[in-house]
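A short write-up of the structure that comes next.
2 protein chains.
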Amino acid sequence: MDFLSVSSFIKDYEDHCDKVQHKHFKKNETITTYIAKRNQVCILVNGEADLIRYDYNGNKTIVEHFTKNDIFGEVFYSITTNNELFVQARQDCDVIFLVYDNLKNKCKSNCKFHQTLSDNLAELILHKVTILNSRIELLTKRSTRDKLIGYFSILSTRNLSKSFKLPFSLTDLADYLSVDRSAMMRELKSLRDEGFIEKTGNVITLLYR
Amino acid sequence: MDFLSVSSFIKDYEDHCDKVQHKHFKKNETITTYIAKRNQVCILVNGEADLIRYDYNGNKTIVEHFTKNDIFGEVFYSITTNNELFVQARQDCDVIFLVYDNLKNKCKSNCKFHQTLSDNLAELILHKVTILNSRIELLTKRSTRDKLIGYFSILSTRNLSKSFKLPFSLTDLADYLSVDRSAMMRELKSLRDEGFIEKTGNVITLLYR
DNA sequence: AAAAATCTGTTGCAAAAACAACAAAAAAAT
DNA sequence: ATTTTTTTGTTGTTTTTGCAACAGATTTTT
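The listed protein sequences correspond, in order, to chains A and B. Going by my numbering, the first residue of the first sequence is number -8, and it counts up by one from there. Going by my numbering, the first residue of the second sequence is number -8, and it counts up by one from there.
Okay, structure coming up:
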C-alpha cells in the first residue's frame, strides 16, 4: 500500500495545531452531518464508521465504510445531493476535524503535523479515489450475486485469505450493496447450495478457484 | 466551480515540459487501456471520452464519462479489477499524458505548466472525488426509475434548465446507469405517460416541481 | 446515392429482485 | 438474569428487470 499512514505522524499533531480538532465518539454516535458549506475534512484515527444515506422511501444505504486512516467529510461532496448524509460510528472512534481551506495555509504554530498533512494531501485523496472506484465497480455489477462475489473477492484480497469476517451484519451488507436483504439472503443461500462459498456466522470462505 | 481549469494554463505547457506527452485522437479511438502498472495520469484537454468496461457476460458499462478538463488514468485504480478497462474517444479528443510519480519531481526545464499542475494536483483530484461521489449516489438508487430521475436532475442542475440534451445515445445511457436498455426504455415511457418528463429525440424536459 | 451499421421503440416471456411478514436466534440493554 | 431490541433465516406473492427478438428510423460508411 503506497499511501500515507496518518497515524505515523499523528503524534506530531499533539503539539497544538490551531487548525484541527480532535474528538472521541462512542459507538452509534453521529460523527458529522454533511451540510456542504463548511468544507469539512475528517480523518478517522481509530475505529470504524459508516457514511449513511436514507432516501425518500426510507431505504438506508451505507454509502461508504471507513476504517483507520480513512478520510471523509463534506468537502468530498458537491451540492447535488438532496438526501441527508451523515457519518455514524460503528465502533468507538477517534476523529480529527479540519477545514479544507485552512489546510492550504500554514497554521500559527507552523506545526509539523499541519505541514505533513498538507504535503501528503494529494496522495491521501488519490487513495480515496481508488477506493471509490472499486466501490463503483461493485455497484455497477448487474446482479446481487455478482455484487456479493465481487465484494467477497475484495475482502479476500484484502485479507490475503479465502476466509474472512464480514465487517457488517448481513442486514448492513445488503444496505452496502444496495439490494434487498431478503433477496440477498436467498442469493447467499444459493451460493452456498451451489458450493461457491461456505458461511459460518459472518465468516465467509470462498470455495472457488 | 472552484476547481482549476487545466486549459487556463495549457499554453504554458507548450514550451516543452519533458515529462508530458500530448496526443490527438479521432472519434472512437482507444485513448488508453488501464494496465495498472504505469501510474498514468491523463488530462482531457478537449473533446469527450468514456471509461468502458466489459464484464464476463459481455455487458458493457460506461464507468465514467469525461469532458473537457477531466482527469483520468490508471493511477486512480487499484489492482482489484480483473475486467479490462479502457478509455474511448466519443468525439475527437486532445489528451495530455503524464506519469504520476514524475509530477512530484520537477522537470528538466522547470516549466511553469509542470509546476502549476503539481501545485493544483490535490484540487484536481478532489474535484474528481466529488464527481465519483455523485456517481455512487446515482448507482445506489434502487430502481431504474430513480436512476433516470437522479441522472436527469444532475443534468438539469448542470445546465441550469429543466431542458437538456443527453450526452449519450439511449443505448449508452442504459450502459451508464448499469441497467437493461429495453427495461429503461419501458421506464422512460412510463415517466412520459405519467407526465414526469417530456422527450423529443435526446432532449429531455423535466415537468415536475 | 446506396448500402451497411447503429439506434430506437416495442413486446412477450423468463428470471431476478423487492416487498411483506413472521418465527427463531442472537445480541444488547436494563 | 431477564427483558428488549436487533439480526437471521425463510417463504409466498408482486413488481421490476433482464433477455430475445424484430421492424422502422436514423446515422455512418462506402
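No residue lacks a Cβ here, since even glycine has one placed at the ideal position from N, Cα and C. On a predicted model such as this, the values are computed, not experimentally measured, just so you know.
So which of 110(B), 13(B) and 153(B) has the shortest CA-CA distance to residue 84(B)? On the second sequence, position 93 is the one that residue 84(B) refers to. The shortest C-alpha to C-alpha distance from residue 84(B) to any of 110(B), 13(B) and 153(B) is the one to 13(B).
Does any CB atom of chain A fall closer than 8 angstroms to the CB of residue 124(B)? Numbered from 1 along the second sequence, position 133 holds the residue referred to as residue 124(B). Yes - at least one Cβ of chain A is within 8 angstroms of the one on residue 124(B).
Roughly how many angstroms lie between the CA atoms of residue 40(A) and residue 8(A), to the nearest whole one? For the purposes of this step, residue 40(A) is taken as residue 49 along the first sequence, with counting starting at 1. For the purposes of this step, residue 8(A) is taken as residue 17 along the first sequence, with counting starting at 1. Approximately 25 angstroms, taken between the alpha carbons.
Interface residues of chain B around residue 54(A) at Cβ under 9 angstroms? Position 63 of the first sequence, counting from 1, holds the residue named residue 54(A). At a beta-carbon threshold of 9 angstroms, the residues of chain B lying near residue 54(A) are 124, 127, 128 and 131, ordered along the chain.
Identify the contact partners of residue 120(A) in chain B, using a Cβ-Cβ distance below 9 angstroms as the criterion. Stepping through the first sequence from its first residue, residue 120(A) is reached at position 129. Chain B residues near residue 120(A): 66, 67, 68, 116, 119, 120 and 123.
Given residue -8(A), which residues of its chain have a CB within under 7 angstroms of its CB, disregarding the five upstream and five downstream residues? The residue you call residue -8(A) lines up with position 1 of the first sequence. Unreliable placement is indicated for residue -8(A), whose pLDDT of 32 sits below 50; no coordinate value is reported for it.
Reduced DSSP secondary structure (H/G/I, E/B, other) of residue 131(B): The residue labelled residue 131(B) in the question sits at position 140 within the second sequence. DSSP places residue 131(B) outside both helix and strand once states are collapsed to three, so it counts as coil.
Unbroken beta strand (DSSP E) runs of length 3 or more, entirely within the segment 110 to 156 of chain A: which are they? Counting only runs of 3 or more, we get 154 to 156.
Residue range of the unbroken alpha helix (DSSP H) whose run includes residue 91(A): Walking along the first sequence from the start, residue 91(A) turns up at place 100. Element bounds for residue 91(A): 91 to 95.
Rounded separation between residue 126(A) and residue 47(B) - CA only: Sequence index remark: in the first sequence, residue 126(A) carries index 135 (1-based). Sequence index remark: in the second sequence, residue 47(B) carries index 56 (1-based). In a straight line, the C-alpha of residue 126(A) is about 18 angstroms away from that of residue 47(B).
Counting Cβ pairs, one atom from each stretch, are 3 or more of them under 8 angstroms apart for the segment 152 to 162 of chain A and the segment 114 to 126 of chain A? In this structure the segment 152 to 162 of chain A does not touch the segment 114 to 126 of chain A; the number of beta carbon pairs closer than 8 angstroms is below three.
Starting from the beta carbon of residue 169(B), find every residue of chain A whose beta carbon is closer than 9 angstroms, and list them in chain order. Your numbering for residue 169(B) matches position 178 in the second sequence. For residue 169(B), the chain A residues whose C-beta falls within less than 9 angstroms of its own C-beta are 130, 131, 132 and 133, listed in chain order.
Mind checking residue 150(A): buried by the 16 CB within 10 Å criterion, or exposed? Here the question's residue 150(A) lines up with position 159 in the first sequence. The residue is exposed, with fewer than 16 neighbouring Cβ atoms inside 10 Å.
Apart from the five residues on each side of it in sequence, which residues of its chain come closer than 8 angstroms, Cβ to Cβ, to residue 183(A)? Here residue 183(A) corresponds to residue number 192 of the first sequence, with the count starting at 1. Excluding sequence neighbours, residue 183(A) sits near 189 and 190.
Could you tell me whether the Cβ atoms of residue 79(B) and residue 34(B) are closer together than 8 angstroms? As a first step, residue 79(B) is located in the second sequence; it is residue number 88 there, counting from the start. As a first step, residue 34(B) is located in the second sequence; it is residue number 43 there, counting from the start. For residue 79(B) and residue 34(B), no; Cβs fall outside 8 angstroms.
Can you check whether the C-beta of residue 112(A) is within less than 8 angstroms of a C-beta belonging to chain B? As a first step, residue 112(A) is located in the first sequence; it is residue number 121 there, counting from the start. Put simply, the CB of residue 112(A) is near chain B, with a gap under 8 angstroms to one of its CB atoms.
Would you say residue -6(A) reaches chain B, if we count a Cβ-Cβ gap shorter than 8 angstroms as a contact? Position 3 of the first sequence, counted from the start, is the residue given in the question as residue -6(A). Low confidence applies to residue -6(A): its pLDDT is 44, below 50, so where it sits in the model is not reliable, and the reading given next is rough at best. With 8 angstroms as the cut-off, residue -6(A) does not count as an interface residue toward chain B.
Rounded C-alpha distance that separates residue 174(B) from residue 178(A): In the second sequence, the residue the question calls residue 174(B) occupies position 183. In the first sequence, the residue the question calls residue 178(A) occupies position 187. Using only the alpha carbons, I get a separation of about 22 angstroms.
Chain B within 8 angstroms of residue 193(A), Cβ atoms only: Along the first sequence, read from residue 1 onward, the residue named residue 193(A) stands at position 202. Output row for residue 193(A): interface = no.
How would you list, in chain order, the residues of chain B whose beta-carbon sits under 8 angstroms from the beta-carbon of residue 50(A)? Taking the first sequence and counting its residues from 1, the one referred to as residue 50(A) is at position 59. Correct list: 133.
Are there 16 or more other CB atoms within 10 angstroms of the CB of residue 65(A), so buried, or fewer, so exposed? Counting from 1 along the first sequence, the entry for residue 65(A) is found at position 74. Buried is the call here.
Rounded to the nearest angstrom, what separates residue 54(B) and residue 103(B) at their Cα positions? As a working mapping, residue 54(B) is identified with position 63 in the second sequence. As a working mapping, residue 103(B) is identified with position 112 in the second sequence. Going from the Cα of residue 54(B) to the Cα of residue 103(B) covers about 33 angstroms.
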